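I have placed the structure first, in the form of structure tokens, so that the comments after it can refer back to it.
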Amino acid sequence: MPSNPGAARLCDLISLGVLTHWVPPEVVEDAIAEHGRQDKRGGGALPAR
């Protein structure tokens, strides 16, 4: 827990696009699936990344 309650966490500042620049997309997709998350977009829209 940050000592400053108003401080942003690193994970709040990094988008999946930036993350996949450093980590292989398969690893990111596995982590997302493991935690039961999915794209926020729907209805035939392009994938979020």
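Quick note on numbering: UniProt numbering labels position 23 of the sequence shown as 23, and the sequence is numbered without any gaps.
Positions of the beta carbon are idealized from the N, C-alpha and C atoms, including for glycine.
These numbers were taken from a predicted model, which means no experiment stands behind them.
Exercise. Is V23 helix, strand or coil by DSSP?
Worked result: Correct three-state label for V23: coil.
Exercise. Using DSSP with H/G/I as helix, E/B as strand and the rest coil, what is I32?
Worked result: Helix, per DSSP.
Exercise. At a Cβ threshold of 9 Å, is S15 touching chain D?
Worked result: Of the protein chains in this structure there is only one, and it is not chain D.
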